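Chemist: Numbering (the UniProt record's numbering), first residue to last: 1 to 475.
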């Protein structure tokens, strides 16, 4: 096991040090500039869009699709991942998380818009799609789509779910002293009940749990910040000083902070990773750009809301200088030091909700991609069993092992998707130009298969031709 762990860590460090850090920043900056800062200037419009009903009153709404993606986003990365980044990379890692969210919102917009344009029907009023679909339809490379589908299924369904399970077990073991073996059994049983319940259950569970759990945690964090309001300027100073201080630069700590911030930021907000487009594609909207904006909003809510809340709790407590290496235990200790011993129990319960919602969202991504490769009840059953098995394994595995596996697969998956969306970015730019033109004319933007030049291979069963719509209206 030690040899395997070293191989995984070496491969992961190589990917993140020499490839992913630079690629993520450059791609995010490129899209931000090409989109003319739209993902920042249109934030008020994003909040307006999230309340829109479906295009024809049927299927998954923008809010439901937002909740599905948030179910996977808002998880242990927001609590354990942020604390882990600070403990390893120092408070300066928080700055790089913020930068990744600002730039990553543009990458998230592009991938979600592409997922909407190239989605396919999955019933009368439901859809599915994502990177595998736009790699096949827009790039004309089904082999690449299949490769991505396999990688994301392994990453989310198996690797990421093992992290979620590991975090729940650590949190409950720390707070209640419950046996990890017993917790593993309980986790496995509950996961099986949810996963074998099907996609409809996934949507319903996500829609209910995500707003409650994120809202409750953020309210507590806001309360702590208000109570310690005079310490907030100092917390900001610590973050920026640690990110750019002369001592940190000379000692090489800046590079560690950058890697931890970017790595944990991506694990949390998933911008550019290729996962959120799976949920974006399910929404029934009148124009693809609408869901692109919704997914950009999701990146902001995740990082500037939940992740920042955790960061301030850890920094205000002063415990980030401790030797605690388990991220979730550090978060529990930090919160307990600020509001009392009951906070450890509260965090354990929040982690339970966060992690289970992520298990739900992660499973959904895998199911969607298995259906892309081949619709098979047998393979779907095998996948469900494998997910439940990895929840059991992750519950008992070491912290380094589960995070190492997750980081490596996340890097491979994101690398494939980032190359694809750079090649296809011009399609999203054209869609945005069409959307903004209609919006400025006072219209509710509508997208048609033939309404925007330079967007090939759009499924006319999903997006009707403009000419066909005109005939229906005139008759």
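Ideal placement from N, C-alpha and C gives every residue a C-beta, glycine not left out.
Computed from a prediction, not measured in an experiment: that's the story for all the values here.
Just confirm the distance between the C-beta atoms of residue 407 and residue 16, as a whole number of angstroms; I'd bet it's less than 8 Å.
Modeler: 7 Å
Chemist: Can you name the start and end residues of the alpha helix (DSSP H) that residue 6 belongs to?
Modeler: Run containing residue 6: 2-15, per the alpha helix (DSSP H) assignment.
Chemist: Using the three-state DSSP reduction, which class does residue 227 fall into: helix, strand or coil?
Modeler: helix
Chemist: Considering only their Cβ atoms, is the gap separating residue 264 from residue 84 smaller than 9 Å?
Modeler: yes
Chemist: Shortest alpha-carbon distance to residue 431 belongs to which of 422, 20, 455, 410?
Modeler: Closest option to residue 431, Cα to Cα, is 455.
Chemist: According to DSSP, residue 120 sits in a beta bridge with which residue or residues?
Modeler: 128
Chemist: With a cut-off of 8 Å on the beta carbons, I'd call residue 309 and residue 218 a contact; round off their distance for me.
Modeler: 5 Å
Chemist: Compare the beta carbon distance of residue 314 and residue 90 with 9 Å and say whether it is the shorter of the two.
Modeler: no
Chemist: Am I right that residue 274 and residue 414 are in contact with their C-beta atoms under 8 Å? What's the rounded C-beta distance?
Modeler: Cβ atoms of residue 274 and residue 414 come within 8 Å of each other, at about 7 Å.
Chemist: Please report the Cβ distance between residue 163 and residue 394, rounded to the nearest whole angstrom; I am assuming they are in contact, meaning their Cβ atoms lie under 8 Å.
Modeler: 6 Å
Chemist: In whole angstroms, give me the CA-to-CA distance for residue 248 and residue 300.
Modeler: Low local confidence applies: a pLDDT of 49 at residue 248 is under 50, so the model's placement there is unreliable, with the coordinate-based value given in what follows. Taking the straight line from one Cα to the other gives about 28 Å.
Chemist: By DSSP, does residue 345 sit in helix, in strand, or in coil?
Modeler: Taken through DSSP and simplified to helix, strand or coil, residue 345 comes out as helix.
Chemist: Give me the residue from 377, 241, 235 with the minimum Cα distance to residue 311.
Modeler: 235
Chemist: Residue 62: buried (16+ other C-beta within 10 angstroms of its C-beta) or exposed?
Modeler: buried
Chemist: Is the beta carbon of residue 156 sitting closer than 9 Å to the one on residue 371?
Modeler: no
Chemist: Using CA coordinates, which residue listed in 364, 95, 444, 436 is at the minimum distance from residue 281?
Modeler: Comparing alpha carbon positions, the residue from 364, 95, 444, 436 closest to residue 281 is 364.
Chemist: With a CB to CB cut of under 7 Å and the five nearest residues on each side skipped, what residues in its chain are close to residue 390?
Modeler: 158, 161, 162
Chemist: With a floor of 4 residues, list each alpha helix (DSSP H) that falls wholly inside the stretch 372-410, ordered by position along the chain.
Modeler: 377-396
Chemist: Thinking C-beta only, is residue 131 closer than 9 Å to residue 140?
Modeler: no
Chemist: Leaving out five residues before and five after residue 369 in sequence, what residues of the same chain have Cβ atoms less than 8 Å from its Cβ?
Modeler: Taken in chain order, the residues that qualify are 130, 132, 148, 149, 150, 152, 153, 278.
Chemist: Kindly indicate which three-state DSSP category residue 221 falls into: helix, strand or coil?
Modeler: Residue 221 sits in a helix when the DSSP states are folded into three classes.
Chemist: Name the two residues that bound the continuous alpha helix (DSSP H) containing residue 186.
Modeler: 180-195
Chemist: Can you tell me which residues form a DSSP beta bridge with residue 149?
Modeler: In DSSP, residue 149 forms no bridge with anything.
Chemist: Out of 103, 120, 400, 329, point me to the one whose CA is closest to residue 457's CA.
Modeler: The option with the nearest alpha carbon to residue 457 is 120.
Chemist: Measure the C-alpha to C-alpha separation of residue 251 and residue 26 and round it to an integer number of angstroms.
Modeler: Any reading at residue 251 is ruled out, since the residue's pLDDT is 46, under 50, leaving its predicted position unreliable.
Chemist: Give the straight-line distance between the Cα atoms of residue 20 and residue 138, rounded to the nearest whole angstrom.
Modeler: Using only the alpha carbons, I get a separation of about 24 Å.
Chemist: Following the continuous alpha helix (DSSP H) through residue 30, name the residue where it begins and the one where it ends.
Modeler: From DSSP, the alpha helix (DSSP H) with residue 30 extends over 21-34.
Chemist: In angstroms with no decimal places, state the Cα-to-Cα distance between residue 180 and residue 340.
Modeler: 25 Å
Chemist: Would residue 97 be called buried (16 or more neighbouring beta carbons within 10 Å of its own) or exposed?
Modeler: By the neighbour-count definition (other C-beta atoms within 10 Å, threshold 16), residue 97 is a buried residue.
Chemist: Just mark residue 239 as buried or exposed, buried being the case when its beta carbon has 16 or more other beta carbons within 10 Å.
Modeler: buried
Chemist: Between which two residues does the alpha helix (DSSP H) containing residue 156 stretch?
Modeler: Run containing residue 156: none; DSSP gives neither H nor E here.
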